[in-house]
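Mind the numbering: the sequence shown is residues 2 to 94 in the numbering used here, read in order.
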Amino acid sequence: MLVPCVACYSRFKAVEKEVKEHSKKVHFPYKGNVPIRYALDLFCDEPILEEVKKKRVKPLSGLKVACYYGCLTVRPPKVTGIKEYEILNIWTD
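Structural data, given as structure tokens:
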């Protein structure tokens, strides 16, 4: 499931973790086979990143970049599953 809202993503991930840990409280079998992803994270997939690079008109080299993706996309790591939540990813050529 691709979630465009960071607050919604955070809630979906929190509920997913809760249901996985306390599945006996849920009145239906939860299998967990629908991955929950934040929409911006989709652009980190290599095939999509390569397509973006192909369509780029102006080089991005030399730009100073400050990334803000919202802390709810990576925190709390016990809920989101992000291992290196303090690392800033910057696209380079």
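For glycine and all other residues, C-beta sits at the position ideal for the given N, C-alpha and C.
Here DSSP, grouped into helix, strand and coil, assigns residue 38 to strand. Residue 47 has its alpha-carbon roughly 15 Å from the corresponding atom of residue 57. Counting only unbroken stretches of 4 or more residues, the alpha helix (DSSP H) elements lying wholly within the stretch 3-34 are 7-22, in sequence order.
Straight across, the Cα-Cα distance linking residue 73 with residue 85 is about 14 Å.
Boundaries cannot be given for residue 66, as no alpha helix (DSSP H) includes it and DSSP labels it neither H nor E.
For residue 48, the enclosing alpha helix (DSSP H) has its first and last residue at 47-56.
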